[in-house]
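In terms of the UniProt record's numbering, the sequence shown has 198 at position 198, counting the first letter as 1, and numbering is strictly consecutive.
Remarks on the structure that follows.
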Amino acid sequence: MKSYFKEKEICDIKSRFNSISELLEDVKTIKCELEELKDACNENNKRVDEFDARIATMEENVSEINHIKDKLTITRIDFDRIHHEILLKEQWSRLNNIEIKGVPIKTGENLFQIHEALCKAIGFDVPKSQIDYIARVPSHNLKDKLIIVRYINRYTKEDFIATARAKKELYAKDIGFTGSKNRIFVNDHLTPHFKSLLTKVKALAKEKNYSYVWVKFGKIHVR
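So, in structure tokens, the structure goes:
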């Protein structure tokens with residue numbers, strides 16, 4: 001009987017040892033898993049630090065980009081101002097000029113004589129001494145080159161244009177080009193920029209029902 005109880009106790013002890021061994025294995029497994037979790041957390045923390053560093057770098061880059069953008073805006077404003085001044089000066093240099101369109105080109109032509117004939121046709125006398133220079137210049141859209149006349153006095157130029165426009169219709173035949181049906185136009189000598197601007201202003205004036213668009217002293221007026 002005693003032998004039976006001893007064997008049972010021994011079996012119980014062995015069973016407990018086995019349970020302890022299993023428990024130790026479980027503890028080891030949990031410990032390993034905790035180590036892995038710790039490593040994963042450390043790796044995640046490392047990645048978070050890397051992301052933080054990248055974000056900080058990006059913020060610095062954005063700040064630098066904004067700074068450059070501000071500089072570019074200032075530069076653009078300065079460029080636009082200088083460009084506008086250049087356009088005004090370029091037009092100012094043409095302030096004494098008229099542009100004559102529609103006069104046919106003739107071999108051996110004398111532009112001073114053509115100008116004199118034009119003066120007679122409109123009834124406005126301009127002495128040759130008042131002409132600084134006169135020349136033909138190319139035009140992209142016209143077969144005949146334009147005639148540009150530069151006067152010594154800008155008021156002579158303004159009066160000449162006003163008198164020519166008062167005639168309403170002026171043709172090449174009126175200045176000696178018999179058989180030509182060309183209509184002659186006398187205008188301010190505008191730069192390409194201001195010619196384009198004048199075209200846009202005329203279109204807008206028509207849309208807004210303005211009655212008059214004209215140029216005086218190189219400036220565009222609307223009424």
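The beta carbon of each residue, even a glycine, is placed where N, CA and C say it ideally should be.
- For residue 137, there is no enclosing alpha helix (DSSP H); the residue is found in the beta strand (DSSP E) stretching over 131-137.
- The stretch 139-210 contains, as complete alpha helix (DSSP H) runs of 4+ residues, the segments 154-166 and 192-207 (chain order).
- When the Cα atoms are used, residue 209 and residue 164 turn out to be separated by approximately 26 Å.
- Separation of residue 131 and residue 149 (C-alpha to C-alpha, rounded to the nearest whole angstrom) is 7 Å.
- Secondary structure at residue 48: helix, using DSSP grouped into helix, strand and coil.
- Sixteen is the threshold: when 16 or more other Cβ atoms of the shown chains lie within 10 Å of the Cβ of residue 151, as they do, the residue is buried.
- Distance from the CA of residue 53 to the CA of residue 33, rounded to the nearest whole angstrom, comes to 30 Å.
- Going by DSSP, residue 101 is part of the beta strand (DSSP E) stretching over 97-101.
- Pairwise C-beta distances place the stretch 179-199 in contact with the stretch 209-221, as three or more of them are shorter than 8 Å.
- For residue 214, the pairing in a beta bridge is given by DSSP as 221.
- Contact between the stretch 87-99 and the stretch 180-194 is established, with three or more Cβ pairs separated by less than 8 Å.
- In the DSSP assignment, residue 109 falls outside any alpha helix (DSSP H), carrying neither H nor E.
- Distance from the CA of residue 95 to the CA of residue 154, rounded to the nearest whole angstrom, comes to 7 Å.
- A distance below 6 Å between beta-carbons, with the five flanking residues on each side excluded, links residue 92 to no residue of its chain.
- For secondary structure counted as the alpha helix (DSSP H) over 4 or more consecutive residues, the stretch 49-92 holds no complete run.
- In its chain, beyond the 5 residues on either side, 90 and 91 have a beta carbon closer than 6 Å to the beta carbon of residue 191.
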